[in-house]
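A quick write-up on the structure given underneath.
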């Protein structure tokens with residue numbers, strides 16, 4: 001009788017072990033690039049097939065909604081296990097406040113495969129709460145066909161005065177010079193960030209973290225951005241439009257230039273009427289222009305290192321997926337199929353598309369690489385930079401009031 005009970009118990013245990021539900025891993029991302037999402041779908045399908053005890057699911061949320069809802073989401077019981085991150089102060093603050101999970105001991109392979117400098121940028125007090133994956137350089141996209149119609153030479157775009165002159169020529173030719181989705185805040189901050197760096201040097205925002213916004217270069221950058229906005233260089237209705245509208249404007253050949261990140265190449269294709277965007281032989285890439293007398297150089301670049309962070313609900317299963325997802329083979333697939341720029345040098349060799357190859361060369365050829373300013377400064381100061389930049393682009397604030405707002409944000413952080 002006793003043996004029968006033991007056998008029955010073992011049988012029940014066996015049934016439960018066979019039917020045990022797989023561990024779920026939820027990844028929250030902000031990508032709306034079709035080729036990227038198709039590649040991720042393939043990778044997730046392969047991982048789930050190889051690991052029946054783990055079920056990985058991807059969920060999408062728009063970039064601005066992600067920023068506004070993330071803090072509340074991280075405090076809820078339904079938080080995802082892995083979230084997209086731009087690194088910077090927000091990432092570090094969340095790690096130190098206990099909202100992220102330390103997964104250092106579960107990521108042995110990737111700590112060896114990925115570049116040490118990039119991995120170290122994701123360490124907080126020596127521990128890993130996430131990992132970097134791809135480089136996101138920010139550059140000036142331009143339509144050479146439209147520039148030619150207006151008599152603009154691409155060499156003119158290398159200096160600020162030449163750039164201003166190009167805007168004048170394009171407007172005179174009846175061509176919208178620039179497309180921007182100003183309703184989202186962060187697109188405008190690329191203009192202000194670059195101008196401040198070109199005028200005050202690449203370390204100017206590092207100094208602002210310590211000393212505030214008293215450097216005259218911050219005011220001059222605001223003066224120059226307001227000078228640009230007063231020329232009315234952007235598409236009609238730009239202050240109410242988001243980045244999707246701006247990418248469509250550029251992709252449809254309705255605007256000559258756009259200051260955007262690496263992702264812009266693919267999204268301007270997806271959002272265009274033809275789904276092909278600006279023809280490859282008409283699409284040019286340039287660096288943000290230098291400012292006469294400034295301390296910054298043409299080859300100083302703003303480039304984020306996007307990655308992934310583990311929330312405090314993540315289990316070792318999430319780290320196991322990360323070890324697979326960001327391995328050399330899968331990052332290589334992102335390079336070859338999704339036209340992304342992996343930080344792993346061996347993976348980056350898989351980039352095939354000619355324009356992406358040119359883009360990939362921008363970072364290693366740069367004299368200085370600066371992260372996205374709004375992310376480096378954190379939610380409070382970075383948000384103030386975004387707000388001020390947007391008001392300058394909209395022509396609704398004076399340069400002096402813009403700096404006063406930034407200094408006030410610094411004083412009361």
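Numbering (our numbering), first residue to last: 1 to 413. Where is the CB? At the ideal position from N, CA and C, for every residue including glycine. It should be emphasised that the depicted structure is a prediction, and the values quoted were computed from it without experimental measurement.
| Item | Value |
| --- | --- |
| Contact check, residue 124 vs residue 92, beta carbons under 9 Å | yes |
| Residue 202 versus 298, 321, 41 and 37, residue with shortest Cα-Cα distance | 298 |
| Per-residue DSSP class, three states only, for residue 290 | strand |
| Under the three-state DSSP convention, the category residue 7 falls into | Residue placement at residue 7 cannot be trusted, given a pLDDT of 46 that sits under 50; the coordinates are not used to answer. |
| Check: residue 354 C-beta below 8 Å from any heavy atom of the ligand MN | The ligand MN is absent from the structure shown, which contains no ligands of any kind. |
| Selected residue, minimal CA-CA separation from residue 127, among 49, 111 and 410 | 111 |
| Distance CB(residue 129)-CB(residue 89) smaller than 9 Å | no |
| Beta-carbon proximity list for residue 55, same chain, < 8 Å, skipping 5 on both sides | 22, 23, 24, 25 and 48 |
| Residue 133 beta carbon less than 9 Å from that of residue 306 | yes |
| Those residues which DSSP pairs with residue 136 across a bridge | 304 |
| Residue 245 - containing beta strand (DSSP E), residue span | Not the beta strand (DSSP E): residue 245 falls in the alpha helix (DSSP H), residues 243-251. |
| DSSP-derived helix/strand/coil call for residue 176 | strand |
| Beta carbon of residue 154 nearer than 9 Å to that of residue 146 | no |
| CB contact flag (residue 184, residue 270, <9 Å) | no |
| Pair within 9 Å by beta-carbon distance, residue 418 and residue 235 | With the chain represented from 1 up to 413, any question about residue 418 goes unanswered, as that position is not in the structure. |
| Enclosing alpha helix (DSSP H) for residue 385 [first to last residue] | 373-394 |
| Bridge partner(s) assigned by DSSP for residue 310 | 82 |
| Separation of residue 292 from residue 117, as counted between CA atoms | 33 Å |
| Buried or exposed by the 16-neighbour rule on C-beta atoms within 10 Å, applied to residue 137 | buried |
| Segment contact flag, the stretch 322-334 with the stretch 149-169, C-beta cutoff 8 Å, min 3 pairs | no |
| Start and end residues, beta strand (DSSP E) containing residue 256 | 255-261 |
| Residues sharing a beta bridge with residue 330, DSSP | Note: residue 330 sits in no beta bridge, so no partner. |
| Stretch-stretch touch, CB-based, cutoff 8 Å, three pairs: the stretch 307-316 with the stretch 70-87 | yes |
| Residue span of the beta strand (DSSP E) that contains residue 213, given as start and end | No beta strand (DSSP E) holds residue 213; DSSP gives it neither H nor E. |
| Endpoints, the alpha helix (DSSP H) within which residue 44 is located | 34-50 |
| Rounded straight-line distance, which links the Cα of residue 316 to that of residue 181 | 39 Å |
| Inter-residue Cα distance where the pair is residue 382 and residue 375 | 6 Å |
| C-beta atoms of residue 286 and residue 157 nearer than 9 Å | yes |
| Between the CA atoms of residue 313 and residue 396 - distance to the nearest angstrom | 43 Å |
| Rounded Cβ spacing between residue 257 and residue 142 (contact assumed at less than 8 Å) | 5 Å |
| Touching by the beta-carbon criterion (3+ pairs, under 8 Å), the stretch 334-352 and the stretch 55-68 | no |
| Reference residue 95; option with closest CA among 69, 346, 122 and 113 | 122 |
| CB of residue 222 within 9 Å of CB of residue 194, strictly | no |
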